Each structure stands twice: as structure tokens, then as C-alpha cells.
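Residue numbers (UniProt numbering), protein chains in the order written: chain A, 1 to 433; chain X, 1 to 433.
Here the structure is laid out as C-alpha cells; the discussion comes afterwards.
There are 2 protein chains.
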Amino acid sequence: MNVTNNHGSIDSLAISPLNKGLGAFQQPVTAAEIKALNWNLLREDLSLPTAVLYEERMNHNLQWMQQFVSEYGVKLAPHGKTTMAPKLFARQLAGGAWGITLATAHQTKVAYQHGVRRVIMANQLVGKQNMAIIADLLADQSFEFCCLVDSADGVDQLGAFFQARKQQLHVLLELGPDGGRTGIRNPQQQAAVLEALARWPDNIVLAGVEVYEGVLKEEADIRGFLQHAVACTKQLAKDGRFAARTGGAAARPVILTGAGSAWYDVVAEEFAKTEIGLPLDVVLRPGCYLTHDVGIYRAAQAQIQTRNPIARKMRTELQPALQLWAYVQSIPEANKAIIALGKRDAAFDAGLPLPAAHYRPGNPAPDTTPAHWQLTGMMDQHAYLQIKEDDDIKVGDMIGFDISHPCLTFDKWRQIAVVNPQHQVIDVIQTFF
Amino acid sequence: MNVTNNHGSIDSLAISPLNKGLGAFQQPVTAAEIKALNWNLLREDLSLPTAVLYEERMNHNLQWMQQFVSEYGVKLAPHGKTTMAPKLFARQLAGGAWGITLATAHQTKVAYQHGVRRVIMANQLVGKQNMAIIADLLADQSFEFCCLVDSADGVDQLGAFFQARKQQLHVLLELGPDGGRTGIRNPQQQAAVLEALARWPDNIVLAGVEVYEGVLKEEADIRGFLQHAVACTKQLAKDGRFAARTGGAAARPVILTGAGSAWYDVVAEEFAKTEIGLPLDVVLRPGCYLTHDVGIYRAAQAQIQTRNPIARKMRTELQPALQLWAYVQSIPEANKAIIALGKRDAAFDAGLPLPAAHYRPGNPAPDTTPAHWQLTGMMDQHAYLQIKEDDDIKVGDMIGFDISHPCLTFDKWRQIAVVNPQHQVIDVIQTFF
């Protein structure tokens, strides 16, 4: 893969000295140059609060998921909205991912500009400027792209736009459960969308079927919904609805895709053996596995490790690879420390960050934190840490926090340092939110 | 004020075509160049979702607050953490603000690099790299800076660092109420901090007293706490504790400062007439007034308009100046539309965004939205809009949302378009989070 943008390779992208969470430098530097600066988190070379990615853990997770999908013979298009870090996209693709999933036209443009050439935009493409962004990228014949449709209005708007541009857009029929988010709910809606597609035969190509099962909470409901998606895909194949996708010189396999980060094992089980009488790519789209967490996704993964035979057989688990580090800035009451970390720095919508490591500058190594150290609240720039009266904690100590919900943590940082187990900064990834 | 950074003036900062929420351009452009591109929100020239600032409303709010503090004869140091937009800092300073308040060393560096030369860092300065950032800025003698202290440990760490650097740091004694956030709670703690300050007479200068009253909820408690701060400041003056600040060739007034965006009127009333027998600057630090909102700060401002005689006399009110715009992407159920707007785009910790305007591309102007259109939930990239079965709403319609909590909305955007009442883009501000 050609990991470049207008400015050269990802490693030569300039990182601004005005970004938070980094060490001292005066002029923009490249990620390649940062390694040579030899920063170490525990030597206080970084301005805290900061976010760090643990290289070994991230690599472990990357290989874990690739092995998992390989066991099922399905393909992986990790959801890139989680990290929005093209350097991580490149590692996922180099590690065997089939493509990258994204949520918006803007995100797709960012990925394309950094070398990604196969994208599922797991969302409807709406609006003149967003359609123009995608149309411009599709001028590159090597760029494989599809997005979702779930309404006749949406199809007609796409049809009119891409007809005027004399271009062809590939779309997936999105199915959704009652009470869910987007997606076709019933046969009448589906018929209306198929009728609309028939109005734009030269410009809108039906490429497959998409679901997001994560809006459901019960395994039985999810399996039923996934089986409905399989049946629907078979029927569409039987009815010849994928002819434009699979015929002709530019023929491509039909796509059947689902899976967020909580139920990808069940989607693999339900989708893997699907036969529709046409070439078919089954594609899973988890995004959070790369960094994992100790909150909602640890809980979800524990379920997967319990219920899924392949995951059990692998005998290793995903590891939390993203941490936040911040200083104790005040201990104004005997049982309360104030940490210089806030909603500006960490996700807080699915549980607050969890104290994991305690380091006093000058000590040989961090300690684990006592179980009773817990955040009880966060403001924009502060967190409340519950402690006990005689705990060994001082202003100026550093606390490392594990997180819950990587997506809303990544988007607080324009770059994140990658560290080795000795907390040496060995790389920097940039984000594009 | 010299509004420049290493790259030239704020208007010549390059805006990346990879940022979300803008119109079409291929190479980095300057804010000055963007005006010439003649984008209009309602002509769908921007990629939605996007955030826009209404120029007239922002100007109105800026003047409103400046008039308010002038009536009390106090000074304004707007909290810059809200917007982290140096171009808005420059407008606040040009409009009469005394300085800018910030929360971290990183934020202070960003402000300094864009020309701000007087900063209250309303926080403890902790950690080697953070101290180094401030020490580097203090090499510029024209830079006036002070931060907070509330512990002897903190003072000693600052003392050791700035003594080694042979520099002088000005600090404010932070007072905090029991059950609150940072700040000295009792006379024993205060004595310990003052003793610590006495250990570093050449390097740490006591410059005044600071409070953040916003952790309290009742007016009577707040007035009591503020009166305590006034009494404390008087006693410190009487005890000669400000001698290093007010004496010598580089003498400056003592600072007494408080006020978030909810109780600044009460702080003005309690602090304005303070006499300590020394030159004194009373400084208020609200941050959210510039854009205001229709949530927590509208509610807080309504209280101010009711209880404060100056606010009543002014006869105008703050206006919400920040909106988010997004497309209807799906109407999968009769009473539910899915909007392409999510937690990645808007604050959600103090109420969800509120639908305000509905625009169908091609129509002459937006309509106000029916009162029953309400967001019922938000995911990372989607929002659920409650509608009724026969409402006139279509996929591809644009919805403008007012917001609650500007701070956590600004930090979702690397730049925000400034528009006139015709929704023409007349400027762009960049943020540095």
C-alpha cells in the first residue's frame, strides 16, 4: 500500500509544537524525528496530561483479530472512526485487513489521502458536498468504495448527483431492526429502495447487504436479525439484483457485512458459511479491538471469550493498549485528590477512566494503584480521585489511567505517543478528527 | 496586541483540507482566503456535520460582557479553555479584556504563541515539562503570568524548579470550599502554604488570591465563600504578604479573581469594592458568554438577568452564537429520524443539542423546528430525532441545532466557520486543543 498524502509519507507529516501531551520542541517535527528525541514518559519528558499507546499490546491485538477472522475465513475492515489515525490504518492493512470502514465522507477522504484504497462507508451518504467528496475520490479507478442506502429518497438523491457526474456509486442495502438506528425495517421499505435503485441503473450499483447488530442487546435477537440478513442477501442474489456488481469487466464479489466490537464473533458464526451462488466477501467491521479498553469492551470481550469456541481456543485475550497519564495537582481533603485530567482528555460516556498505575518521579518503576482509588467525577480539566487518609500519594505524582470507550478518547488528541514497555516514546500517531 | 505566531498572523495560519466541516479545497488555505471562496451554508457548500459561529451574536455577547464588567469597574480575563481559539482571544482583548484565563501550561503556550501577553492560569502548575513550558515563556519579560498554589508540596516543587532556572513565578493563593475542587480549605493548610512560600522568597511571588465559586450551588454559600476570600486578601495585605508583588521597579497590582460563567455577577458584587490598601485588580473569568448556549448557561444567565441590577438595566441578553448543522440521513420509523451528528461533533454532558432550524436545500430560508422535535439519544456519529408521523421532514434536509455546554462542543472542531445572518462564511477560526 502506498501510504502517502500530498506531503509525502505518513512519517513525514509535521506535528505541531502547539499540540498537547508532547515533549519540548520548537518547530514542527515528523514522527520519524520524534523517536530520535528519546522522550521517556517516566522521566517527565512529556507534558501531562498525555495519552500513550503501548506498542506490544497494540500489535498483539492486531494479530489476535486477524487470526480470529482468518479462522472463520472472513474478511476484516476495521472501523477506522475509532482511531482516525491513518498510521494505524496502514498497520491494520499491512496486518491483513481487507479494507477500512469509515463513518463519513470526511473520514473517507482522510483515509484515501493516506493511501487507503478500499472503504466501506457504513453510513448513508447525504448532502451535496459530501457526495462531491466521494465523487472526487472515485475519479481514481483503483479506489473501491461503497456506502449504505435505506430509503428511496436517499437513493434518488444519490442517483441524480452521480448521474450528473457521469459516475457510478456502489451501495449496500442496510437492514435495521425495529427500535434500532438506520436501516430498512420491512419488505415495503425494501421494495421502495429497490424500485429507486432501478431508476438509476447506470449510476447506482447494488453491491451487497449491511447490518449493524450492535443496537440490539440480546444474542437471540441478534442471531435472528443476522439470519434475516443472510436470507435477504440470498433472495437478492436469486432475483439477480447483484448483476451489475458481479457482471462485466470490473466485476467484484458481493459484500455481506456486519459487526461492531461487541458481537463480531456471533456475526462471524452466522455469516461465515453463507452461499449465495455468487462470489461473496463476508466482512467484519470491529474498531475497538486495536486498543481495547477496561470498560465496555472488556466486558463485551469477556462474553466473547466465554461463548465463542475460536476465541477460547486462541487462549490469549485482547489487551488494553491505550492509557492516559496525569499529575496529582492537589490533595485538598484527606480522602480526595484532584487530578489534572478532564473531559477534554478522556471519554466519560461509558465509565470514567480507571486508575491503573502510580508513579512518583524518581522512583524506579510505577506501582499498581490500590483498588479503592477511583475517579468519582470529571470536569472539563479536572478529575476527582477518591483516596484514603493515609495513602501514599503526593502532589506531583503521576497516575496512569486505563480507559473505557476508545473512540471518544482518541478524538481528544491530535497525536498520541507510542511507547515501549519501558515507556520510551518510539513513535507518534496523528489523528484526523 | 501583536497577534502573530511563528508562521505569521493568525489569518495566515494554514487550514488543512483534511479537517471536517468545511467546503471543497485541495491545498491548505488561510482564513483570509476562505472568505473569498464565498461558501454559503444553505447552498450546501459545507460538508455537514459542521459547526458555525454567528458573527453578529458573538459581537453582541462580547460587548455585553465588556459593558457589564465596566459597570462594576472590574477587569475581564475570559476563560480561554472554552474556545481555545486564539482569534477569539484576540477579539476579546481588542474588545477590552485585561487578559486571558487558561487551564494548562499547554493552553498558555498556545495563547502566548498567538500574541497573548497576560495570562491567569487558573490551575496548579505541576510537573517538570509543564513548568519548563511556562519558564520558557517567562523568558519574555513582557509576559505577565500567574498560576495557583494550594499546597506546600506544590510550592516547594515550583520553588525548586524556578530557583534552578533563576526565574521568578507569580502565584495566587487558591481558596476552595469544603466538598469543592482544588483550593485551601482551612487556616492550617493556608499557614503551610505561606510557610512554603517563605522558603522561596526570590523565586515564588505571592500575587493575590483566587477562587472558583462554581463548585457551589447556593447563592448564600457562594457569597459567604467570596466574603471569606475578600477577608483573606485583606489579611494577607495587612501581613505584608504581597510586598514582593507590589514593591520594586516591576511592581504590579495585587490580583483578586473569581467567577465562572454562572455566578460572575455575584462575584462582581462581592469583589468590586474591595479595598486592601494596595493597588488591586479584581478580575472576572467567565468563558462561555462569548457563544453562550441554550442549555446550562442560558439557565444560569436567566438567573443573572433576574437577580442582578446591572444586567437588568442593560435590557439585552446574551445570545446563542454557536450552532451545529447536520443532515437527516434516514427516517426508518414513522416517529424517528436519524441525524448524521454524533458525540464526535457536539457536547452531550449537559443536555443534548436542541433542534432550532429546519432547512430543505433549495428553499428560500430555514424554518424554526416544531417543539416536539427533540433528540432522544446520541451515538458516536448519529443522533436520534423524535418526530411525528406526518411531519414534513425528508432525508437530505438540514437541521440546525443549538447547543448546551460550549466548551465540550468547541473541542470537537479544529476550525469553525463564522457566518453572517445570510449564512455566508465570512471567516474561520482555528482551535488548538
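Every residue, glycine too, gets a C-beta built ideally from N, C-alpha and C.
A quick note: this is a predicted structure, and the numbers were derived from the prediction, not measured.
Would you report the Cα separation of residue i and residue j, rounded to the nearest angstrom?
i         : j         : result
Val-209/X : Pro-49/X  : 43 Å
Ile-15/A  : Asn-420/A : 20 Å
Leu-37/A  : Ile-429/A : 15 Å
Ala-196/A : Ala-160/A : 11 Å
Val-52/A  : Thr-368/A : 17 Å
Ser-47/X  : Gly-362/A : 49 Å
Thr-233/A : Leu-256/A : 8 Å
Met-398/X : Val-119/A : 26 Å
Arg-165/A : Ile-204/A : 12 Å
Gln-415/X : Ala-321/X : 15 Å
Ser-146/A : Asp-349/X : One point to set straight first is that residue 146/A is Cys, not Ser, in the sequence displayed. So the two alpha carbons sit approximately 34 Å from each other.
Thr-316/A : Thr-101/A : 26 Å
Ala-31/X  : Lys-343/A : 29 Å
Phe-401/A : Tyr-359/A : 12 Å
Pro-17/A  : Met-84/X  : 15 Å
Val-126/A : Thr-274/X : 58 Å
Asp-345/A : Gly-260/X : 20 Å
So, residue i versus residue j, is the Cβ gap smaller than 9 Å?
i         : j         : result
Pro-355/X : Leu-318/X : no
Pro-78/A  : Gly-115/A : no
Glu-44/A  : Gln-163/X : no
Val-282/X : Phe-271/X : yes
Gln-323/A : Ala-300/A : no
Val-294/A : Ile-403/A : yes
Gly-214/X : Ala-262/X : yes
Asp-411/A : Lys-81/X  : no
Ala-417/A : Leu-42/A  : no
Leu-206/A : Ala-244/A : yes
Pro-406/X : Ala-326/X : no
Ser-330/A : Arg-199/X : no
Asn-40/X  : Val-425/X : yes
Arg-307/A : Asp-265/A : yes
Name, please, each residue of chain A whose Cβ falls closer than 8 Å to the Cβ of residue i.
i         : result
Gly-396/X : Val-126, Gly-127, Asp-153, Gly-154 and Gln-157
Thr-182/X : Gln-329, Ser-330, Pro-332, Ile-338 and His-382
Which one of the options has the shortest CA to CA distance from residue i?
i             : options                                       : result
Val-328/A     : Leu-322/A, Ala-337/A and Pro-320/A            : Ala-337/A
Arg-223/A     : Ala-250/A, Ala-196/A and Val-267/A            : Val-267/A
residue 449/X : Gln-113/X, Asn-59/X and Leu-194/X             : Missing from the structure shown is residue 449/X; chain X here goes from 1 to 433 and no further.
Gln-167/X     : Asp-153/X, Asp-202/X and Gly-183/X            : Asp-202/X
Lys-394/X     : Asp-156/A, Gln-188/A and Trp-200/A            : Asp-156/A
Gln-66/X      : Gly-99/X, Thr-82/X, Pro-279/X and His-423/X   : Gly-99/X
Phe-143/A     : Tyr-112/A, Val-149/A, Trp-325/A and Thr-104/A : Tyr-112/A
His-170/X     : His-382/X, Gln-141/X and Ile-387/X            : Gln-141/X
residue 434/A : Asn-186/A, Tyr-359/A and Asp-392/A            : The requested residue 434/A does not occur in the structure, where chain A is confined to residues 1 to 433.
Ala-90/A      : Ile-133/A, Ile-10/A and Ala-135/A             : Ile-10/A
Thr-291/A     : Ala-340/A, Glu-55/A and Thr-246/A             : Glu-55/A
Ala-103/X     : Lys-20/X, Asp-153/X and Leu-148/X             : Leu-148/X
According to DSSP, residue i sits in a beta bridge with which residue or residues?
i         : result
Asn-203/A : Paired residue(s): none; Asn-203/A is not in a bridge.
Val-328/A : Ile-339/A
Asn-40/A  : Gln-424/A
Cys-147/A : Met-121/A and Val-171/A
Tyr-54/A  : Val-419/A
Lys-75/X  : Val-283/X
Pro-353/X : According to DSSP, Pro-353/X bridges with nothing at all.
Glu-210/A : Glu-174/A and Thr-257/A
Give the residues of chain X in contact with residue i, contact being defined as C-beta atoms less than 8 Å apart.
i         : result
Arg-185/A : Pro-332 and Glu-333
Cys-146/A : Within chain X, no residue comes near Cys-146/A; the closest Cβ sits about 16 Å away, beyond 8 Å.
Ile-433/A : Checking the displayed sequence, the identity of residue 433/A turns out to be Phe instead of Ile. Correct list: Lys-20, Arg-344, Lys-412 and Arg-414.
Using a cut-off of 7 Å between C-beta atoms, extract the partners of residue i located in chain A.
i         : result
Gly-23/X  : Gln-129
Glu-44/X  : Gly-127, Lys-128 and Gln-129
Ala-135/X : Simply none; closest approach about 11 Å.
Val-110/X : Leu-18
His-106/X : Lys-20 and Ser-47
Cys-407/X : Asp-380
Lys-81/X  : Asp-380 and Gln-381
Using the beta-carbon of each residue, which ones in chain X are nearer than 9 Å to residue i?
i         : result
Ala-160/A : Neighbours of Ala-160/A on chain X: none; closest Cβ ~11 Å, over 9 Å.
For residue i, return the contacting residues in chain X, with the cut-off set at a CB-CB distance below 7 Å.
i         : result
Gln-113/A : Leu-18
Gly-176/A : Pro-332
For a test of your reading of the model: does the CB of residue i fall under 8 Å from any non-hydrogen atom of the ligand NAD? Yes or no.
i         : result
Thr-101/X : For the structure depicted, the ligand NAD is absent and the ligand set is empty, with no information on it obtainable.
Determine, for residue i, whether the minimum Cβ-Cβ distance to residues of chain D falls below 9 Å.
i         : result
Ala-357/A : Reference to chain D is not applicable here, since the protein chains of this structure are A and X.
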